[in-house]
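Working notes for the structure below.
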Amino acid sequence: MKIFLTCLCSFFTVVFFFLSLECFRFQKKRKVQLRMKSLKEAEKQKIERAIETEKSIFVGAQKVISFVGKVLERRGIIKPLEEKMIKADLPLRGEEYLVLWLLVTFVPGFLLFLVTRHLFGGLILCLLCFFIPPCLVNREQQKKLKKFNEQLVDALVIISNSLRAGHSFMQAIELVGKEMPAPLGKEFGRTFREIKLGTTTEEALHNLGQRVASEDLDLIITAVLIQRQTGGNLAEIMDTISDTIRDRIRMQGEIKTLTAQGKLSGIVIGLIPLFLVGIMLLLNPSYLLPLFRSSLGLMILSAGIMGEVIGVICIKKIVTIDF
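Laid out in structure tokens, this is it:
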């Protein structure tokens, strides 16, 4: 009996020990969890406060930009900028682009003036930075236009085959919007949605021509509008336009080949002065330092840079052939 009681007491002692140990571990784990929860809540509140602060700043900036946009829109300044954003496929409003343009123009020149205390150098840098946003926008616009024109022949083939299969012109546009990649598929899909929402076909095609500004697309739109008024086989018209566009693309390739030497010469001539300046700065920096430290030297550098820009523009005009 004593042995039984001893074993029973030993069993309960061991069970109580392990239960106490588990309770201690649970309490310790619970403390850690509560501490982590409090830290997470504090971090969450901190993040929410930061987001609210950023949101308030962003909302304030948006209100200022919207106010400036409304004022300038009455003067007819914002609409051309928005058209450029649409043609370049950039997700910016006209007033947002204008604010970015002003920041890119004046901030670098102001920083250069703070560092060097040369007002003339800062003004020259502002003048140079003024042309950076329009050049970037034109570059994006040309990239979109080039890709659109390259995809246009395939789109015409799809439209022609779809019309021969018995589909309507609307169904052909929808098919092009689904099958073709951006930017052509995106633009045709937008045109289809405009027609579906109640816009007339003529107005939707006109909007498409305004967004893309492609001569080949204008030819297609004109042909479609004439065919809708006078009748005719639209599939054969699309085939004829497709052959015309192919011939134009082939001719463009030949012209690029013939003018490649002139373009390369312009690039080399434009880079030679920069290369010589870099070599002189490496070999004998004191030889060119007066150009950067004196007002006369900055004026000479500015004149040289402007001469470089004018020369590059002239060479580009010579080797660029419009047809």
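Take 816 as the starting number for the sequence shown in the numbering used here and just add one per residue. From the three backbone atoms N, C-alpha and C, an ideal C-beta is built for every residue, glycine too.
| Asked | Found |
| --- | --- |
| Cβ-Cβ distance between Leu1161 and Leu1096 below 8 angstroms | Any answer about residue 1161 is impossible in this case: the structure gives the chain only from 816 up to 1138. |
| Whether Leu896 touches Tyr912 by CB criterion (8 angstroms) | yes |
| Residue burial classification, Met900 (beta-carbon count within 10 angstroms, cutoff 16) | buried |
| Limits of the unbroken alpha helix (DSSP H) element including Pro1100 | Pro1100 to Arg1108 |
| Coil, strand or helix - His1021 by DSSP | helix |
| Residue environment, Phe963, which counts as buried when at least 16 other CB atoms sit within 10 Å | buried |
| Through-space distance from Val919 to Cys1129, alpha-carbon basis | 26 angstroms |
| Burial state of Ile893, where buried means 16 or more other Cβ atoms lie within 10 Å | buried |
| Cβ pair count under 8 angstroms reaching 3, the stretch 944–957 against the stretch 1006–1018 | no |
| Lys959 burial status per 10 Å Cβ neighbour count (16 or more: buried) | buried |
| Beta-carbon proximity of Pro1090 to Leu1049, cut-off 8 angstroms | A small correction: the amino acid at residue 1090 is Phe; Pro does not occupy that position in the sequence shown. No; because the gap between Cβ atoms is not below 8 angstroms, this pair is not in contact. |
| Inter-residue CB distance, Ala987 and Leu999 (contact presumed, cutoff 8 angstroms) | About 13 angstroms; that fails the 8 angstroms criterion. |
| The stretch 1028–1046 / the stretch 1055–1067 touching (three or more Cβ pairs under 8 angstroms) | yes |
| Span of the alpha helix (DSSP H) around Gly1046 | Run containing Gly1046: none; DSSP gives neither H nor E here. |
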